[in-house]
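S.K.:
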Amino acid sequence: MTAAPAERSEYPPYGDYEADCPARMGVDLFGNSWLPVIVYMLREGPLRHSDLLTAIGGISQKMLTQTLRRMEQMTLVRRRRYAEAPPRVEYELTEAGRDLLQPIYALGAWVDPARGRRDHRDVRRPAGLTRPGRPQVPIG
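This is how it looks when you write it as structure tokens:
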């Protein structure tokens with residue numbers, strides 16, 4: 001018996017996952033575990049660095065600062081400084097940053113039904129997938 005030929009993709013060809021391939025760029029973007037979390041946290045409006053640090057939990061101040069700087073360079077967030085005493089800085093999503101919410105919501109919609117298909121609800125990440133300083137939390 002011969003296997004059926006694979007269906008052709010409706011997606012345009014981008015080469016062999018080259019540096020400018022949109023799929024590769026998307027995977028690289030979402031490969032930074034904190035970037036989508038920060039985008040999601042900023043979905044309702046601007047937040048200060050300390051508010052993000054508290055709301056996210058498990059992220060170091062250094063990692064948050066590095067990720068916000070990277071996001072600013074990528075024009076995903078805008079950093080606003082206010083001439084106040086003490087100084088106040090807020091971060092907000094740009095239009096490009098808000099555009100990332102759709103794939104984040106789509107991932108959430110994909111994960112949620114998958115979670116419901118499991119027989120057990122207290123699934124924990126394998127020890128090798130956790131990072132030092134990050135709590136191991138139920139995902140089910």
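Using the UniProt record's numbering, read the sequence shown as starting at 1 and increasing by one per residue.
Where a beta carbon is used, it is the ideal one built from N, C-alpha and C, also for glycine.
Quantities reported herein were computed from a predicted structural model and do not represent experimental measurements.
1. Based on the DSSP secondary-structure assignment, which residues constitute the bridge partners of VAL89?
2. Judging by CA-CA distance, which residue of MET63, ASP51, ASP112, LEU76 is the nearest neighbour of LEU93?
3. Give the secondary structure of ARG43 by DSSP, where H, G and I count as helix, E and B as strand, and everything else as coil.
4. Can you tell me whether TYR91 is buried or exposed, with buried defined as 16 or more other CB within 10 angstroms of its CB?
5. In angstroms, rounded to a whole number, what distance separates the CA positions of ILE56 and VAL37?
6. Using a 10 Å radius around the Cβ and a threshold of 16 neighbouring Cβ atoms, would you call TRP34 buried or exposed?
7. Please state the DSSP three-state secondary structure of ASP119.
8. Look at the alpha carbon of GLU95 and the alpha carbon of LEU107, and state the distance between them as a whole number of angstroms.
9. Under 8 Å by Cβ, that's how I've got residue 199 and ARG79 pegged, so tell me the actual separation to the nearest angstrom.
10. Buried or exposed for MET74, please, with buried defined as at least 16 other CB atoms from any protein chain shown within 10 angstroms of its CB.
11. My guess is that GLN61 and LEU53 are in contact by the Cβ rule of under 8 Å, so how many angstroms apart are they, rounded?
M.R.: So, from the data block:
1. ARG81
2. LEU76
3. coil
4. buried
5. 8 Å
6. buried
7. Caution applies to ASP119, whose pLDDT of 46 falls short of 50 and renders its modelled position unreliable; the value that the coordinates give is listed next. Here ASP119 sits in coil by DSSP.
8. 20 Å
9. In the structure as shown, the chain starts at 1 and stops at 140, and residue 199 therefore has no counterpart that could be examined.
10. exposed
11. 6 Å
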